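S.K.: Here's a structure for you.
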Amino acid sequence: MLHSAALDPPQRAAAPVRAEALTLDGIAVTVAEPGGGRMSILDIPALRIAPGQSLGIAGPSGAGKTTLLHVIAGLVLPQSGTVRWGGETVTSLAEEARDRWRRRHAGFVFQDFALVPEMSVLDNILLPATLTRWRVPAALRRDAVALAGRMGLARIDARTGALSRGEQQRVAVARALLPKPALLLADEPTASLDAENGKAVTRMLVDGARENGATFVVVSHDAALLGQLNRVIRLEAGRIASDDAV
Amino acid sequence: MNPWTVIVADLRHLRWVAWAVPLLVAVAVAIGVAVSAQERALRTSSARAADDFDILIGAPGSQTQLVLSTVYLQPEAVPLVSGAVLKALGEDARVAAAAPIGFGDSVRGYPVIGTTADFASRWGRIAPSEGRLFQAEQEAVIGADVKLALGEDITPAHGLAHSRSPLGVETAEERGHQHGGNFYRIVGRLPALGSPWDRAILVPIESIWHIHGFGNGHAAETAAIGMPFDAKHVPGVPAIAVRPKSIAAAYALRGQYRQGGTMAVFPAEVLVSAYRTMGDIRDALVVLSGLNSALVFIALILLLVAMAGMRRRRYAVLRALGAPRRYVLLAVWLQSVLLLAGGALAGLPLAFLTARVAAALIEASTGLHLPVTIGAPDLLFVLVLITLGSLLSLVPALVGYRTPVGTALRG
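Which chain is which? The protein sequence lines are A and B, in order.
Numbered per the working numbering, the first sequence spans residues 19 to 264.
Numbered per the working numbering, the second sequence spans residues -7 to 403.
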């Protein structure tokens, strides 16, 4: 059940870019091997993502795509190397500070939606707002309702677990976009959706990033999604095998 | 930081388990609290039942049996003490009052107790709530719980120590043992004492002696009923209740009647030793129920640890959305505390109900009224359990807290 506005939203003007430059230097992630040695799963000497750019990360399974996304989000600390967001070095922040940085700047969309199925649609969208606050401000609540409407989610009191997959992913996109993040991250956001829903979610993410003036980094093997982006890099065995911006 | 929506969602995720967990805790807690509440009530009420029996004098035998038969009217044959003792006590300067207590007969399951009007009014402490005390041999006054009416005539049946009729029922066996031609008219009803005496039918001791062919215990056939008993041979009685004039007199009397073919006991002292045993049993039961609660707590903590493990991805997602570690800690900890503390608190009313049901059963079989209360020690016990549960809840909370986000997100 798709809302027509969701499929074909009015073109909104791109907001001024609020994002900072994302700079990765000398990133190396390794895991311990049973034999005692260490296996490299990510090796990125340098990657610079311009403010407001949309970057796709493609590549076969096990190439390190999700690890790269988690490194950018500050969820995984590399064994060596730095991630900088403008002048801030995310990799040298303490865990608490990284949580705060992520809360302030990043929005996250997962392949399997990662919603709380027992919560209502509205509570899921507002969840990030309750992580640091006791009460959700009325204005933010109104924004959430409006955003849900734009995403074509009519039943904001419905239990999220009862929604269709397409609807659930739109809840997840609304949850990521509500705080107007300057960095929008997504891990295979269309992989468990049918083509039609995939297309709608792609548009919401791309438009959402542009309206917020955000940098958008997405792991995907969905050609339709990758086709909407400014730039696509391809990972193979933890290294950048190709970069269409180069 | 408001983990409330997450906590509610997690509890919903547990579905019926979210109700079963506090219920188990409540049952475990209720057993412990009910045992001690019950024991307290039994102590209070049995002590109160013995209030008017300062000293009991009987024939040598079991002290406990004398107390059980006299104070709690347990139907058991007791050897008789010579009537001369009763006569002597009536003339003793150390004695404020003495009264024979004769039992053995019954009417429709209610024990018939032969005594004096003085003792029927508990040495003047209580007055009949209806009617008056007996003034002649053919009159009876009934306890508060005896389901007979004033003005009714009743015929006592002999003996039947072990085969009393069910309360209020006249069986064929009882009819076979009735003392033909002897009846009492009920002239009064006593207020409730909360003791087995509420089920007794009190009659003049003289009538019991008469029925069994021993005369009336008085020098003259036409003497007024009650003390003193001045016949040449006062018939024997199972027990004599004595109210001494002073504490010194009490010890002197006990010393004197402990020997020479009689036995003298302070029922309060017999109860104290019974309480010691009861207290030991209570302690053992409380320890057992404490272990029981501990096992339930540990089992539930393991369940909650397993749940926290199963939800590691959910908590990792919260972290990815920017939740601080302590948010996850708080959410997991609070839901464990809610389940355990909620159960422990629910244990209190459940304990009260359990103890009340047990008290009603005991009252039905003994006539002893048990005033069950939940007191400060019970609240303290529950408070300790809640504290313990809150500490134990840190275990699942730390499992949630320590989950590495990167790997859990892939899991």
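From the three backbone atoms N, C-alpha and C, an ideal C-beta is built for every residue, glycine too.
Small disclaimer: the values here were computed from a predicted structure and weren't measured.
Under 7 Å, Cβ to Cβ, is there at least one residue of chain A near B:Tyr319?
M.R.: yes
S.K.: When you compare only the Cα positions, how much space is there between A:Ala147 and B:Ile(-1)?
M.R.: 15 Å
S.K.: With burial defined as no fewer than 16 other Cβ atoms inside 10 Å of the residue's Cβ, what is the status of B:Leu58: buried or exposed?
M.R.: Burial call: buried.
S.K.: According to DSSP, is A:Thr41 part of a helix, a strand, or is it coil?
M.R.: In this structure, A:Thr41 counts as strand in the three-state DSSP scheme.
S.K.: Here's a check: name, in chain order, each residue in its chain whose Cβ is nearer than 7 Å to the Cβ of A:Glu206, leaving out the five neighbours to either side.
M.R.: Gln129, Val237 and Ser238
S.K.: Using a 10 Å radius around the Cβ and a threshold of 16 neighbouring Cβ atoms, would you call A:Ala24 buried or exposed?
M.R.: Interpretation of A:Ala24 is limited by its pLDDT of 45, a score under 50 that renders its predicted location unreliable; the figure taken from the coordinates is listed afterwards. With 16 or more other Cβ atoms within 10 Å, it is buried.
S.K.: For a test of the three-state rule: what should DSSP assign to B:Thr162, helix, strand or coil?
M.R.: Checking the sequence, you will find Glu at residue 162 of chain B rather than Thr. Three-state DSSP puts B:Glu162 in coil, outside helix and strand.
S.K.: Exposed or buried, B:Arg32, counting other C-beta atoms within 10 Å across all chains shown (16 or more means buried)?
M.R.: buried
S.K.: Whole angstroms are fine: how far does the CA of A:Asp212 sit from the CA of A:Ala172?
M.R.: 20 Å
S.K.: Is the shortest distance between the beta-carbon of A:Trp103 and the beta-carbons of chain B less than 7 Å?
M.R.: Using a Cβ-Cβ cut-off of 7 Å, A:Trp103 does not count as an interface residue toward chain B, since no Cβ of chain B sits closer than that to its own.
S.K.: Helix, strand or coil for A:Thr220 per DSSP?
M.R.: helix
S.K.: Do you know offhand how far A:Val49's Cα is from A:Pro199's?
M.R.: 31 Å
S.K.: In angstroms, rounded to a whole number, what distance separates the CA positions of A:Ser22 and A:Leu165?
M.R.: Low confidence applies to A:Ser22: its pLDDT is 44, below 50, so where it sits in the model is not reliable enough to give any reading.
S.K.: If we count the other Cβ atoms within 10 Å of its Cβ and call it buried at 16 or more, is B:Ser38 buried or exposed?
M.R.: By the 16-neighbour rule on beta-carbons within 10 angstroms, B:Ser38 is buried.
S.K.: Per DSSP, which one or two residues make a beta bridge with B:Leu48?
M.R.: B:Ala233 and B:Val257
S.K.: Just to make sure I have the definition right: I need the residues of chain A whose C-beta is within less than 9 Å of the C-beta of B:Ala309. Which are they?
M.R.: One detail in the question is off: residue 309 of chain B reads as Val in this sequence, not Ala. Result: Phe126, Phe128, Ala132, Leu133 and Val134.
S.K.: If you count every other CB in all the chains shown that lies within 10 Å of the CB of A:Asp175, and 16 or more means buried, which is it?
M.R.: exposed
S.K.: Report the rounded CA-to-CA distance for B:Gln66 versus B:Thr214, giving the unit in angstroms.
M.R.: 33 Å
S.K.: Could you check whether A:Ile90 and A:Lys83 sit closer than 7 Å to each other, using their CB atoms as the reference points?
M.R.: no
S.K.: Quick one: is the Cβ of B:Ala85 within less than 6 Å of any heavy atom of the ligand ATP?
M.R.: Ligands in the displayed structure: none, and consequently the ligand ATP is not present.
S.K.: Chain B beta carbons: is any one of them nearer than 7 Å to that of A:Pro146?
M.R.: yes
S.K.: Indicate the three-state DSSP secondary structure (helix, strand or coil) for B:Phe373 in the structure shown.
M.R.: Reduced to three states, the DSSP call for B:Phe373 is helix.
S.K.: Kindly list, in the order they appear in chain B, the residues whose Cβ is closer than 9 Å to that of A:Thr233.
M.R.: The contacting residues do not exist; A:Thr233 stays about 17 Å from chain B at best.
S.K.: Between A:Gly54, A:Gly77 and A:Leu223, which lies nearest to A:Gly125 when the distance is taken from Cα to Cα?
M.R.: Nearest of A:Gly54, A:Gly77 and A:Leu223 to A:Gly125, Cα basis: A:Leu223.
S.K.: Would you grab the beta carbon distance between A:Val35 and A:Gly70 for me? Rounded to a whole angstrom, and I think it's under 8 Å.
M.R.: 4 Å
S.K.: Determine, using beta carbons only, whether A:Thr109 comes closer than 7 Å to chain B.
M.R.: no
S.K.: Residues of chain B with CB under 7 Å from A:Ala156, in chain order?
M.R.: In chain order: nothing, as chain B lies at least about 15 Å away.
S.K.: Please report how far the alpha carbon of B:Glu83 lies from the alpha carbon of B:Val264, in whole angstroms.
M.R.: 31 Å
S.K.: Taking a contact to mean a Cβ-Cβ separation below 7 Å, would you say A:Val134 touches B:Ala20 in this structure?
M.R.: no
S.K.: List, in chain order, every chain A residue whose beta-carbon is nearer than 8 Å to that of B:Arg402.
M.R.: Thr84
S.K.: Rounded to a whole number of angstroms, what is the C-alpha to C-alpha distance between B:Asp44 and B:Ala136?
M.R.: 17 Å
S.K.: Should A:His88 be flagged as near chain B, meaning a C-beta pair shorter than 7 Å?
M.R.: yes
S.K.: To test your reading of the DSSP string, which unbroken beta strand (DSSP E) runs of 3 or more residues are found completely within the segment 193 to 252 of chain A?
M.R.: 201 to 205 and 233 to 237
S.K.: Which of the three DSSP states is assigned to A:Gln129 in this structure?
M.R.: coil
S.K.: Could you give the DSSP three-state label for B:Pro92: helix, strand or coil?
M.R.: strand
S.K.: Could you tell me whether the segment 73 to 81 of chain B touches the segment 46 to 54 of chain B, using the rule of 3 or more Cβ pairs below 8 Å?
M.R.: yes
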